[in-house]
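Chemist: Just so we're aligned: 216 in this note's numbering is position 153 of the sequence shown, and the numbers increase by one with no gaps anywhere. Backbone N, C-alpha and C fix where the C-beta goes; we use that ideal spot for every residue, glycine too. Quick caveat: nothing in here was measured; it's all calculated off a predicted structure.
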Amino acid sequence: MNQTITTVAGLEAGHYTDLEHATGCTVFLCREGAVGGVDVRGGSPGTRETDLLRPVHRVEQVHAVVLSGGSAFGLDAASGVVAYLESQGIGFKVGPKEAPVIVPIVSAAILYDLGLITSEVRPGLEEGRSACLAASSAPMTEGSVGAGTGATVAKLGGAERAVKGGIGSAAITLATGQT
């Protein structure tokens, strides 16, 4: 039984994992669009297009969410997702009805994994695109994959006290049948 986030109808997840350099990215695709929300936390948050997830803005749906290692550099992975979705004709249509421009709405957030093994390798456009190509509605792989590859936690006492983290997800089905 799938109890990961991909049990939600219309949601796909895919990872790009670089075990050699302990980094990666994860994409959640909503090809038909989905209403999103955000709560940004942390001492040094790095995000892209998360303001669009606030209900006061014109854009009502997001087509993908990207989580990436690589600190601020990892936000480039979202550009690969934007390019992939545009090539698939998925996005917010703007301009004349006869020839609209498709603008995929892709929100992203990063985590700091630089220096775990190297600071020279981080997810970018190709890695974001690779995560899209790997996306499916199958149960999401969790742990040290995608954005969780270089994830660490418990760094309040300093980086030397950090322990390995990862990526996970969950989904529940309500009594109404909604997931």
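#1: Check each candidate in V226, E189 and G221 and name the one with the smallest Cα separation from S207.
#2: Report yes if the CB atom of T215 is closer than 8 Å to the CB atom of L179, and no otherwise.
#3: Buried or exposed: V157, going by 16 or more other Cβ atoms within 10 Å of its Cβ?
#4: What does the Cβ neighbour count give for L82, buried or exposed, with the cut at 16 atoms within 10 Å?
#5: Rounded to a whole number of angstroms, what is the C-alpha to C-alpha distance between A146 and V166?
#6: Please state whether DSSP places V144 in a helix, a strand or coil.
#7: Compare the Cα-Cα distances from L174 to each of G228, G143, E149 and F91 and report the closest residue.
Modeler: On the basis of the coordinates in this document:
#1: Start at 1 with the first residue of the sequence shown, and residue 207 comes out as number 144. Minimum Cα distance to S207 is reached at V226.
#2: Taking the sequence shown and counting its residues from 1, the one referred to as residue 215 is at position 152. Taking the sequence shown and counting its residues from 1, the one referred to as residue 179 is at position 116. Contact flag set, yes.
#3: Counting from one through the sequence shown, the residue named residue 157 turns up at place 94. When all chains shown are included, V157 counts as exposed.
#4: Looking up residue 82 in the sequence shown gives position 19. The residue in question, L82, is exposed, as its Cβ has fewer than 16 Cβ neighbours within 10 Å.
#5: Counting from 1 along the sequence shown, the entry for residue 146 is found at position 83. Counting from 1 along the sequence shown, the entry for residue 166 is found at position 103. So the alpha carbons of these two residues sit roughly 9 Å apart.
#6: Reading the sequence shown from its first residue, position 81 is the one you call residue 144. Note: V144 maps to helix in three-state DSSP.
#7: As a first step, residue 174 must be located in the sequence shown, where it is residue number 111. Of G228, G143, E149 and F91, the smallest CA-CA separation from L174 is found for G228.
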